[in-house]
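Worksheet: one structure, shown below.
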Amino acid sequence: MSRQMTGAKMVVQALKDQGVEVVFGYPGGAVLPIYDEIFQQNDIRHILVRHEQGAVHMAEGYARSTGKPGVVLVTSGPGATNAVTGLTDALMDSIPLVVLTGQVPTFMIGTDGFQEADTVGITRPCTKHNWLVKDTAKLAETIHQAFHVATHGRPGPVLIDIPKDVQFATGPYSAVREARVAHYQPKVKGDLARITELVELMEKAERPVFYTGGGVINSGPGASQLLRELADATGFPVTSTLMGLGAYPASGKGWIGMLGMHGLYEANLAMHGCDLMINLGARFDDRITGRIADFSPRSKKAHVDIDPSSINKVIHVDLPIVGDVGHVLEDLLKVWKSRGRKVNKDGLAKWWGQIEQWKLKKCLTYKGSDKVIKPQYALERLEALTRGRDRYITTEVGQHQMWAAQFLGFDAPNRWMTSGGLGTMGYGFPASIGVQIAHPDALVINVAGEASWLMNMQEMGTATQFRTPVKQFILNNERLGMVRQWQQLLHGERYSHSWSESLPDFVKLAEAFGWKGIQCKDPKQLDDAIMEMLDHDGPVLFDCLVEKHENCFPMIPSGRPHNEMLLGDASTEGAIQAGGAVLV
Amino acid sequence: MSALNIKKGSTSHSAYDLRDPHAEIAGRHTLTVLTDNDPGVLARVAGLFTGRGYNIESLTVAEVDHEGHLSRFTIVTTGTPTVIEQIKAQLGRIVPVHEVHDLTVEGASVERELALFKVAGTGEKRVEALRLADIFRANVVDSTLESFVFEITGTPEKIDAFADLMRPLGLADVARTGVAALPRGI
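Here the protein sequences come in this chain order: C and L. 1 is the number of the first residue of the first sequence in this note's numbering; add one for each residue after it. 1001 is the number of the first residue of the second sequence in this note's numbering; add one for each residue after it.
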């Protein structure tokens, strides 16, 4: 005999049964019954945000730093529409979220009621799946199915729209084990014949490279462990996308750095020149491939991905393996070991010799200064002063994000949270709060630009209220740096609306919310200022005034292949051809 | 845009020149998709095609298993083999979708479409329309002194041919269901 309860109570019960500890949310008319239930219990902690977009990014930060789904509760209409950017962000980066929205009562749907929006219609293309629950008897089961869908296969955001009358009405509660989820069971084991074929290619390859992505992180810490074991045992070089940083340690002997548009010279040339590319949980994103026709022209390409639609979407591959990266890596290691742990030693030695040559370019070199803080220098110092601490980094989007990826080293998975696919300015600050909620004692730093940071600055109140000691490290160049860089390179230095006018006094702003504010503009004082930030037990807004016109290099201009990288200012003259200007 | 001299095959909605769509030959494919009969599943399928820029030539859907709560879509689309593979994979990703088959490449199949033709006319044209309807095994489902409504079932090509013949004989309106299809044999 199942228990009878109201829909609102079911929501809270189902979340508890799913092991949810934290919900990020904002109340409103259409979710009042659920908030009433939240008020009457102590198992689930509710974090009151200041804007629904902030709630979704916090849940993303929570999910990415823990591997557990993030949960969001918002009201109908504007509550739901404000969540759309976060949902799209999570869909692009494959982050598991369960978002609950209130809806006008079922009998008012379609009447343009107050705060009514077609939430399932609006969010259909930006969720992995969504549901409108019209019957209280189906509510609990739907919530359990939602958690199943969000976390199985390629993870992603799901949304459940719950009309207010469904929350008030009473129905039978279904337990987790009763929920019907049998039909959605994506394949996790890779085809063994294909895995064996890959091992054969690995045994002979002269110039192999592991190209790893966010899928390794999403597959869980076990997958990262297996990747380390396989890469170190074979001695193959490892590069990673922005999303996959930390899966293989930056201090590992096989590490050749991030690849892509602002990736390292040696990583991109290794991709261009390899004879065997092993893609583990990455998706040949356009920031990675450059010009498709010239992408890694002489390599055999293997692609391991849990999502069959990622295979052959952008790049045609020779050996597709559909499955979970962790499961496939396990089988790959087993087969490779059982066949005698063979690699092409001579080929590999030559290959590493070539890679070492490329490394001599020292592509991250920048012109130092003792007058102004170079953004790269600021990140080098942040890296040096935080190394060895269990450190979580989030970022906003733009130049600072790329510099953070280049200059900070990640030795563990789930320590790097950045908006990769959607490129959402305003992501990093709320995400850092979500990370800190999940890891109250950890050091959480958001590397930001001043323009991105202002996009969700309202969450300062959330950080104060919930005592999250997040460190906001703002590289303030008073510019939309990446936009400015592109305008310089391909729009004749016409800097249309790419400067930050009327900026606040960040120190006073910090103090207004009860934070600590620090401003630093002198390279000689930077170390002390960073230590002051790290030592403060509470949220800190660090306004780091940096060189205003620094460009982010290396850079593969739009429409160019990997081997045509720009390495510094001198190389930018006429760099982007007319055809490239139309590309993003 | 023309000043930028963007080469054919560049796609405006993506960051780089993607594959040249003219390099492969586009063909007509009939897909059959079995889904849960959930609200919104049609919107999901239709939204996938518009959102990712695929073609739909025809789409039919109805519940086929009341007990099992299942619907079958028959979708006729055109695309290169690569695009068709992508469409299949993207359809397979939709959570309520159980099965996706490309009937055009997976062995023999039968395809049928139903159409209603309203033909208005008198005298010799009216008699000729009725004679041709008989040859095409079309049924008369409505009749007045000045018009017929014919019901015809067959392949889309047969229906096209019938339409061509009816046009000079006073064709007033056409309604077509789109293709329903199943593989032959077990």
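Ideal placement from N, C-alpha and C gives every residue a C-beta, glycine not left out.
Neighbour list for residue 1043(L) in chain C, Cβ cutoff strictly below 8 angstroms
121 and 124
Taking C-beta pairs closer than 7 angstroms, name the residues in chain C that residue 1082(L) reaches, listed in chain order.
312
Using 7 angstroms as the limit for Cβ to Cβ distance, is residue 211(C) near chain L?
no
With residue 432(C) as the anchor, note down where its alpha helix (DSSP H) starts and where it stops.
428-438
Establish whether the CB of residue 1072(L) and some CB of chain C are separated by less than 7 angstroms.
no
Given residue 1056(L), which residues of its chain have a CB within under 8 angstroms of its CB, disregarding the five upstream and five downstream residues?
1046, 1049, 1075, 1076 and 1077
Quick check on this structure: which residue in 76(C), 393(C), 81(C) and 330(C) has the alpha carbon closest to the alpha carbon of residue 106(C)?
76(C)
Beta carbon of residue 26(C), beta carbon of residue 438(C): below 7 angstroms?
no
Please report whether the beta-carbon of residue 1093(L) lies at a distance below 7 angstroms from any beta-carbon of chain C.
yes
Within 10 angstroms of the Cβ of residue 331(C), are there 16 or more other Cβ atoms? Answer buried if so, exposed if not.
buried
Would you mind stating whether residue 290(C) and residue 536(C) have Cβ atoms separated by less than 7 angstroms?
no
Residues sharing a beta bridge with residue 424(C), DSSP
DSSP output for residue 424(C) lists no bridge partner at all.
Backbone CA spacing between residue 264(C) and residue 321(C) [nearest angstrom]
27 angstroms
Buried or exposed for residue 200(C), please, with buried defined as at least 16 other CB atoms from any protein chain shown within 10 angstroms of its CB.
exposed
For chain L, is any of its Cβ atoms less than 7 angstroms away from the one on residue 174(C)?
no
Using Cβ-Cβ distances below 9 angstroms, what residues of the region 292-311 of chain C are close to chain L?
292, 293, 307, 308, 309, 310 and 311
Rounded to whole angstroms, what's the CA-CA distance from residue 1031(L) to residue 43(C)? Just pull it up for me.
49 angstroms
Helix, strand or coil: how does DSSP classify residue 173(C) here?
coil
Taking a Cβ distance cut-off of 8 angstroms, strictly less, list which residues of the region 1024-1053 of chain L are near chain C, in chain order.
1036, 1039, 1040, 1043, 1044, 1047 and 1051
In chain order, what residues of the same chain have a beta carbon less than 8 angstroms from the beta carbon of residue 10(C), not counting five sequence neighbours either side?
136, 139, 140, 143, 171 and 173
Output, in chain order, the set of chain C residues within a Cβ distance shorter than 7 angstroms of residue 1098(L).
183
Residue 392(C): first and last residue of the uninterrupted beta strand (DSSP E) it sits in:
391-395
Assuming residue 1101(L) is part of the beta strand (DSSP E), what are its boundary residues?
1097-1102
Less than 8 angstroms between C-beta atoms, sequence neighbours within five positions excluded: which residues of the same chain meet that for residue 49(C)?
24, 25, 26, 55, 58, 430, 459 and 462
From residue 359(C) to residue 365(C), what does the alpha carbon distance come to, in whole angstroms?
11 angstroms
Does the region 541-557 of chain C touch the region 469-481 of chain C, meaning 3 or more C-beta pairs lie closer than 8 angstroms?
yes
Integer Cβ distance of residue 1059(L) from residue 1035(L), believed to fall under 8 angstroms:
In fact, because the Cβ distance is near 12 angstroms, the residues do not count as touching under 8 angstroms.
Does residue 149(C) come within less than 7 angstroms of chain L when only Cβ atoms are used?
yes
Please confirm whether any heavy atom of the ligand GTP lies closer than 6 angstroms to the CB of residue 1037(L).
As for the ligand GTP, it is missing from this structure, which has no ligand bound.
Provide the residue span of the alpha helix (DSSP H) that contains residue 325(C), from first to last.
325-338
Within 7 angstroms of any Cβ in chain C, is that where the Cβ of residue 1115(L) sits?
no
Who are the Cβ neighbours of residue 219(C) in its own chain at under 6 angstroms, not counting the five residues just before and after it?
324, 325 and 326
Quick one: which residues of the region 126-141 of chain C get their C-beta closer than 9 angstroms to a C-beta of chain L? List them in chain order.
128, 129, 130, 131, 132 and 134
If you run the structure through DSSP and keep just helix, strand and coil, what is residue 1125(L)?
helix
What does residue 1120(L) reach in chain C if we use C-beta pairs closer than 8 angstroms?
Within 8 angstroms Cβ-Cβ: nothing; residue 1120(L) doesn't reach chain C, min ~39 angstroms.
Under a Cβ-count criterion, where at least 16 other Cβ atoms within 10 Å of its own Cβ denotes burial, should residue 270(C) be classed as buried or exposed?
buried
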